[in-house]
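Under the UniProt record's numbering, the first residue of the sequence shown is numbered 1, with each subsequent residue one higher.
All C-beta atoms in this analysis are idealised placements derived from N, C-alpha and C, irrespective of residue type, glycine included.
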Amino acid sequence: MNSIEQIDTKSLISSFIKLIGLAKLTKQVNFKRKSTISLTMIISWLMSVHFARLSLFRAKDDKHFSVRTVRNVLNDGRINWQKLLCLIAAQLIGCLKPFIDKRRRLAFIVDDTLMARSFSKKTELLAKVYDHDKHEYLNGYRGLTLGWSDGNTFLPVNFALMSTKAKKNMIGAAPITADERSISGKRRNQAQRKMNDVTVELIRQALRLGVEARYVLFDSWFST
1 MNSIEQIDTK SLISSFIKLI GLAKLTKQVN FKRKSTISLT MIISWLMSVH FARLSLFRAK
61 DDKHFSVRTV RNVLNDGRIN WQKLLCLIAA QLIGCLKPFI DKRRRLAFIV DDTLMARSFS
121 KKTELLAKVY DHDKHEYLNG YRGLTLGWSD GNTFLPVNFA LMSTKAKKNM IGAAPITADE
181 RSISGKRRNQ AQRKMNDVTV ELIRQALRLG VEARYVLFDS WFST
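Laid out in structure tokens, this is it:
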């Protein structure tokens with residue numbers, strides 16, 4: 001039974017990758033590696049690990065590459081992961097469009113989530129972050145998420161990891177690089193800007209890459 005489920009999962013992942021044209025999309029996000037291992041192969045493996053409910057610590061090496069290779073790719077500061085997610089979302093929305101009632105209103109949904117790191121001290125850009133539920137400051141980051149919805153379906157579109165620019169709230173190490181000529185430098189600078197400004201950046205990027213929406217929804221306290 002497990003082998004049948006595994007075959008079905010691989011088949012579904014393969015169909016999904018072909019549906020969105022992932023191989024073409026990965027060529028637009030600055031993935032550069034001198035080997036036969038493609039970013040599509042890495043993402044396909046990551047999806048299979050996720051659906052198998054395994055972490056990277058428990059996952060077994062693929063026959064073409066090791067888990068260490070996957071970690072190196074995920075940590076590659078040259079890859080534009082934000083752009084890749086936007087491109088995938090645009091492709092999926094294009095596939096859904098024929099089935100969406102024209103009377104429905106398409107909207108972006110913005111939300112931020114506290115990512116607590118209570119035991120961390122030296123992690124890069126670790127900061128004191130305000131928890132709106134507990135009404136207190138905790139060590140960690142804020143995960144800013146931009147989603148898309150037609151009222152029935154929700155898709156993630158873009159994201160950013162937020163820290164702080166205020167020195168009094170900074171706990172972790174200073175950014176390794178602030179050179180905005182690199183993707184990693186841009187992300188580190190982005191993490192220290194105001195969340196409202198970054199939200200506008202994420203929305204503009206999504207629109208520029210083909211994600212369509214007429215409204216933006218967010219919590220009433222989001223801009224505070």
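Backbone CA spacing between Lys-102 and Leu-96 [nearest angstrom]: Walking along the sequence shown from the start, residue 102 turns up at place 102. Walking along the sequence shown from the start, residue 96 turns up at place 96. Cα to Cα, the separation comes out at about 12 Å.
Same chain, Cβ closer than 6 Å to Asp-104, neighbours up to 5 away in sequence not counted: Here residue 104 refers to the residue found at position 104 when the sequence shown is read from its first residue. Sequence check: residue 104 is Arg here, not Asp. So the list reads Asp-150, Gly-151, once near-sequence residues are dropped.
When Met-195, Met-170, Ala-89 are compared against Lys-121, the one with the closest alpha-carbon: For the purposes of this step, residue 121 is identified with residue 121 of the sequence shown, where counting begins at 1. Nearest C-alpha to Lys-121: Met-170.
Bridge-paired residues (DSSP) for Gly-140: For the purposes of this step, residue 140 is taken as residue 140 along the sequence shown, with counting starting at 1. Beta-bridge pairing links Gly-140 to Ala-116, Ala-127.
Contact check, Leu-74 vs Phe-159, beta carbons under 9 Å: Locating residue 74 in the sequence shown gives position 74, where the first residue counts as 1. Locating residue 159 in the sequence shown gives position 159, where the first residue counts as 1. No, they are not a contact pair.
Pick from Asp-131, Thr-36, Lys-34, Trp-45 that is closest to Ser-11, judged by C-alpha positions: Taking the first residue of the sequence shown as 1, we reach residue 11 at position 11. Taking only the C-alpha atoms, the option nearest Ser-11 is Trp-45.
Three-state secondary structure assigned by DSSP to Ser-15: Sequence index remark: in the sequence shown, residue 15 carries index 15 (1-based). Helix, per DSSP.
Residues of its chain near Ser-163, where Cβ-Cβ distance is below 7 Å and the 5 sequence neighbours each way are ignored: The count along the sequence shown starts at 1 and reaches residue 163 at position 163. If we look at Ser-163 and ignore the five residues flanking it on each side, its Cβ neighbours are Leu-125, Ala-127, Tyr-141, Ala-191, Gln-192.
Coarse secondary structure for Ile-100, derived from DSSP in three states: On the sequence shown, position 100 is the one that residue 100 refers to. Looking at Ile-100 - three-state DSSP - the assignment turns out to be coil, as it is neither helix nor strand.
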